[in-house]
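Protein chains in written order, with the working numbering: chain C, 65 to 498; chain D, 65 to 498; chain Y, 65 to 498.
First up is the structure itself, then whatever we jot down about it.
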Amino acid sequence: MKKPDLDSFFDYVEAGHEMHKFISELYPICRSITGNGVRQTLSLIKKRIPLEIKEVPTGTKVFDWVVPKEWNISDAYVKDPKGKRIIDFKESNLHVVNYSVPVRKRVSLGELMEHLFSIPERPAWIPYRNSFYKEDWGFCVSHNQLLELSEEYYEVCIESSLEDGHLTYGEYYLRGDTDEEILISTHICHPSLCNDNLSGIAIAVSLAQHLSSVSRRYSYRFLFLPTTIGSITWLALNEARLSNIKHGLVLACLGDPGISTYKRSRRGDAEIDKVVEYVLKCSGRGYKILNFYPFGYDERQYCSPAFDLPVGCFMRTPNGQFPEYHTSADNLDFVQPGALADSMEKCVKIFDLLEDNVSYVNQNPKCEPQLGKRGLYQPLNRKSEPPLEQLAVLWVLNLADGDHSLLDIALQANVSFEEINRAAHTLLQAGLIK
Amino acid sequence: MKKPDLDSFFDYVEAGHEMHKFISELYPICRSITGNGVRQTLSLIKKRIPLEIKEVPTGTKVFDWVVPKEWNISDAYVKDPKGKRIIDFKESNLHVVNYSVPVRKRVSLGELMEHLFSIPERPAWIPYRNSFYKEDWGFCVSHNQLLELSEEYYEVCIESSLEDGHLTYGEYYLRGDTDEEILISTHICHPSLCNDNLSGIAIAVSLAQHLSSVSRRYSYRFLFLPTTIGSITWLALNEARLSNIKHGLVLACLGDPGISTYKRSRRGDAEIDKVVEYVLKCSGRGYKILNFYPFGYDERQYCSPAFDLPVGCFMRTPNGQFPEYHTSADNLDFVQPGALADSMEKCVKIFDLLEDNVSYVNQNPKCEPQLGKRGLYQPLNRKSEPPLEQLAVLWVLNLADGDHSLLDIALQANVSFEEINRAAHTLLQAGLIK
Amino acid sequence: MKKPDLDSFFDYVEAGHEMHKFISELYPICRSITGNGVRQTLSLIKKRIPLEIKEVPTGTKVFDWVVPKEWNISDAYVKDPKGKRIIDFKESNLHVVNYSVPVRKRVSLGELMEHLFSIPERPAWIPYRNSFYKEDWGFCVSHNQLLELSEEYYEVCIESSLEDGHLTYGEYYLRGDTDEEILISTHICHPSLCNDNLSGIAIAVSLAQHLSSVSRRYSYRFLFLPTTIGSITWLALNEARLSNIKHGLVLACLGDPGISTYKRSRRGDAEIDKVVEYVLKCSGRGYKILNFYPFGYDERQYCSPAFDLPVGCFMRTPNGQFPEYHTSADNLDFVQPGALADSMEKCVKIFDLLEDNVSYVNQNPKCEPQLGKRGLYQPLNRKSEPPLEQLAVLWVLNLADGDHSLLDIALQANVSFEEINRAAHTLLQAGLIK
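Structure, rendered in structure tokens:
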């Protein structure tokens, strides 16, 4: 009973809808790289999986960085002279530049304009902006809103705080049969944006639920982190255990209607790279493979030269390459249950394959063992190729020298991994490989 | 006097006819993996080359296998109620399923049909079938014959014996200047089938005759074996001397009108692989190169993971890929003297090239030696490329560093092996390489 | 102030004219592999760069060779019965076969013809011929001249000497910050031929002038040698210091109107090979890359198997591939200031790039360093790719592991070397790489 709740296409469809519902719950929260928005998000995750929530104090040195002050916000607006809120944080948390310092003053239209951000080519959308490592304030508006501003003076107010506090992140360690672990990392620092990255959070949570219910050779570590500072903090605090990490994936932007994209680890030919490419190739749907590049999400930290971990990034359309990216249009309509279901199915297949991708050793490596006496042989007579089942057995026996994983054998034999894996199980039962 | 009897095209044509005649002699014998058919075959080979005939007793353990009982047959038939032999072993030994246990009884048509094999899509041909490792009996018939069966009862008789005895094989060791050896292996277990594998036997015998008459750097070991159990037995009994084997070829299906096919060794880039590919490329005729796969002929045993010997398989059309395969149509008309001649010529060239493919070391590796004072230099004046002869000399001098064989040099220089070999001899005589 | 005199396109145009003028000065001299023509040539070079002129006595053993007798010539002619000089060395030094022994006698037309060389398919051109290592004499004429010979007897006179003396070559060692050196070698043994190789001499001299005025990580060794025997002599006398040579170029045929050609070192993937290919690719003009072959110019000695130095050959049209090659048509019209300028510019870029192509090590290899606090970070917000400047910084940080040179990084990042180099300087100043 390997996949109790994900046996069929319909299970994935249902999982897609479940994930979309969870995204709806998380959507209104104003997240940032620190603060109560992150805590609320993690507590909603904790309702679904037994998450440990960690708090790292402001000022903690993490490699070249320092954990920043904690940011919180209760209200923000711009009022016209009549006292009408014409820009209102309560309508959309994107309206405030994330990490804005508190401000309350009367400003001229000219001064206000210097603190306003819009997207002229997408006049109905509000952009998302932050000012994480530079103290500043600002508002984001649709370009249509901006064009309507005509008064001489406005009242601006941001009721935020930037004070010593904590950086908060969530960690869920799912022990398997061995200490060798698979890292799954996703970022939780964006406010009301769905694809980037409530989709990654929803997939990670569903995966954790699923994996906790199946037998596991590997241990799994799920990290829910603010991007950059979060992964740097985690790496700094956990350096001693990095050698356990055998494979890893950063999950991001997994709910948009685009095709799946995999960005390779820095090594480029790690087992995770081969496995994801194989799963995507076998999916029968379009996909794209990218070589590693040192920008993007937290894979840039995991793949920094001193660590060089075998961690790739699994996405649909990459960040910055869909028009809705970092705008109010990355909303609940933009992420689709079907796309979430498809991403989820691929993730499940990736981890299934990693779990199964063992390197066996033939226990009778001198000549072929006699398959006939074990009921594993069908005489060929007039055909040149044995039936697929037996062919897979012969390939496994020939290449099971400890150097070839089952996926390596499948690729060299040009036989499906499934068939090769089945042959390996037959041979295991017969005591012919170990 | 390198090739006393194979100097010209006409010598090969003659050799092709000789081989075809030898195949005609061997054709009527009812061979199997053990028994007197094998002994008769080996004794006919022994008339041509000084073969050692080995007998390994039934029950001998050979790796995961055991030498089986010996099978012999004197007569077999199916008689109709009038006593007429309607299926008769004496007409074709293919009529009896090879290794059939003795039987003599009256059977209904229904029961008989369960023991009959035919090829509906080739109604005039008798198939070849065996039951080597499962005690059973049966008859093979043309489909036309099968359709004519209309009586209610028949008398079946197989006068065979399946008893403790021996597995018989032939070995011919041709000592050369060194202990390093080349293995040539061919299977002898098929009854009246010409291409598979009387063609392989005929080529191996001709090669042995030819090689015994020329000077040899390598020693050659010719094995005439029943397939699978024969090579497993030989490997089990000769494990200690395997390290002498530097190259090897399995010979099979070498007389049909198709193009030459070479199946690479498991290593894929062994010297034998490069040499055969080069000879086939230079032949100017069509050819096909296949990567190793773990089914086919005895290369699967030589290339099992514990041995991984550099042994490829040389064929024309591979087993199972010509319609006549394992049927009565694989007869004396199907194998052609011209095809045998062509296969033979390629084999001779392969072993010539292996013999010549030395790695020399330049004795004046600091700058070029002065070729002029040794009469090896022609001034260039207005040409950019030296004449071919001198160019070959320069390539050999530049790459004779012990790491490049002459074939490696020929391939890198894009100059024929012949020309490079000639240059190497010139340089050897001048004492410039060793 | 890296390139004081080669800052712009116009500087190179001017340099091209300068080089052409220098070629005009050198053109009339009758050079050979030894003798006063070589000395005159070297003394003209010495007026421009502080050359050391070396003299190696006849008879000196250099590896497999011996320094030959010195050849000098004062006059040579063929006179008709009326005493008229119909072939005259003073009109063109190509008229005498280079290294001709002295002769003075009356010869029949038949005997004369055995000592005459012409090019029937180019009837107006005089060929260049030599007889360096075989004592002989001869004259080269245009085919038109040859066809006019109709007298029965002629007087031939060659006033040459072939006596114990010296082999003369020039060496200029330009010390840089380290002992690691770049070898630049060019041949000086051809008489009145411009492209082959006064062009190489002119480029080498200009490069030496240029490099002496810029800061240099590497030391540079310029060799002006007679081909073959010159490089062999230098290698024999300097074997102990070869390990300092990190890169090298042979310069030849650099003034013809053809495209640039680079012949790789024997190693094929040396840094010099990658650098020249990159510079040629970036030039935006046509070019050709050739694999190493063991004939051509002195790279064949530097790349002989015992040395295998990373030395390639930089040319325009290779020797023997332009019709003017080794004829009187390889004259002052054939080499063009523009072609010389283009070759020079590429050489300057090659050595600039070698100088800059350092392998740095990231001093904060655990995660990314915080670029923001160093003023090196621009927030991305709505773009997926950072601006080029920052992207280059990220690539350098990610790949600066000591194994990747800046060119390796540029090629992997698909970002120009210039941009990567600029990023490396920014990071050096910030103390982030070393």
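Ideal Cβ placement from N, Cα and C applies to all residues, glycine included.
Could you please give the first and the last residue of the uninterrupted alpha helix (DSSP H) stretch that includes residue i?
i                : result
proline 401(D)   : 401–420
leucine 475(Y)   : 470–477
lysine 110(C)    : 100–110
glutamate 82(D)  : 73–90
glutamate 388(D) : No alpha helix (DSSP H) holds glutamate 388(D); DSSP gives it neither H nor E.
serine 423(D)    : First-last for serine 423(D): undefined, no H or E at that position.
serine 295(C)    : 293–301
histidine 207(Y) : 207–212
threonine 490(D) : 481–493
tyrosine 36(C)   : Since the first and last residues shown for chain C are 65 and 498, residue 36(C) lies out of range.
Hey, could you find the ends of the beta strand (DSSP E) residue i is sitting in?
i                    : result
leucine 344(C)       : Leucine 344(C) -> not in any beta strand (DSSP E); alpha helix (DSSP H) instead, spanning 335–346.
alanine 140(D)       : 134–143
histidine 274(Y)     : First-last for histidine 274(Y): 263–276, but that is the alpha helix (DSSP H), not the beta strand (DSSP E).
phenylalanine 359(Y) : Unbroken run through phenylalanine 359(Y): none, as it is neither H nor E.
aspartate 152(C)     : 149–152
arginine 168(C)      : 167–172
tyrosine 218(C)      : 217–227
isoleucine 353(D)    : 351–354
Could you check how far apart the C-beta atoms of residue i and residue j are, in whole angstroms? I think they sit under 8 Å.
i                : j                 : result
threonine 381(D) : glycine 466(D)    : Not really, about 40 Å apart at Cβ, beyond 8 Å.
cysteine 204(Y)  : arginine 186(Y)   : Actually they do not touch by this definition, with Cβ atoms about 12 Å apart.
proline 429(C)   : proline 369(D)    : 4 Å
alanine 140(C)   : isoleucine 222(C) : 4 Å
arginine 95(C)   : valine 102(C)     : 6 Å
leucine 461(C)   : valine 479(C)     : Incorrect: roughly 13 Å between the Cβ atoms, too far for contact.
glutamate 6(D)   : leucine 452(D)    : Here chain D covers residues 65 to 498 and nothing more, so residue 6(D) does not appear.
glutamate 238(Y) : serine 276(Y)     : With the sequence shown as reference, residue 238(Y) is identified as leucine, and glutamate is not the correct amino acid for it. Right, their Cβ atoms sit about 6 Å apart.
In terms of DSSP beta bridges, what is residue i paired with?
i                 : result
tyrosine 237(C)   : Arg285(C)
aspartate 465(Y)  : Val425(Y)
valine 314(Y)     : Ser249(Y) and Cys377(Y)
threonine 232(Y)  : Glu119(Y)
cysteine 204(C)   : Phe181(C)
serine 324(Y)     : Tyr351(Y)
proline 191(Y)    : Thr391(Y)
lysine 125(D)     : Val130(D)
valine 160(D)     : Phe203(D)
isoleucine 309(D) : Glu245(D)
isoleucine 497(D) : Asn426(D)
In chain A, what lies closer than 9 Å to residue i by C-beta?
i              : result
glycine 436(Y) : Given the protein chain composition of this structure (C, D and Y), no chain A is represented.
Q) Any chance the stretch 479–496 of chain Y sits against the stretch 409–424 of chain Y, with 3 or more Cβ pairs inside 8 Å? A) yes
Q: Kindly confirm or deny that the stretch 115–131 of chain C and the stretch 157–175 of chain C touch, where touching means at least three C-beta pairs closer than 8 Å.
A: no
Q) Do the stretch 315–329 of chain C and the stretch 396–403 of chain C meet, that is, are 3 or more Cβ pairs less than 8 Å apart? A) yes
(Q) Under 8 Å, with one C-beta from each stretch per pair, do the stretch 282–293 of chain Y and the stretch 353–362 of chain Y reach the 3-pair mark? (A) yes
Q: Say whether the stretch 326–341 of chain D touches the stretch 164–176 of chain D, bearing in mind that this needs 3 or more beta-carbon pairs closer than 8 Å, one atom from each stretch.
A: no
Q.
So, does the stretch 242–260 of chain D touch the stretch 270–286 of chain D, judging by three or more C-beta pairs under 8 Å?
A. yes
Q. Using 8 Å as the Cβ pair cut-off and three pairs as the minimum, do the stretch 142–155 of chain D and the stretch 207–225 of chain D touch?
A. yes
Q) If we count Cβ pairs, one from each stretch, closer than 8 Å, do we get three or more for the stretch 252–264 of chain C versus the stretch 322–332 of chain C? A) no
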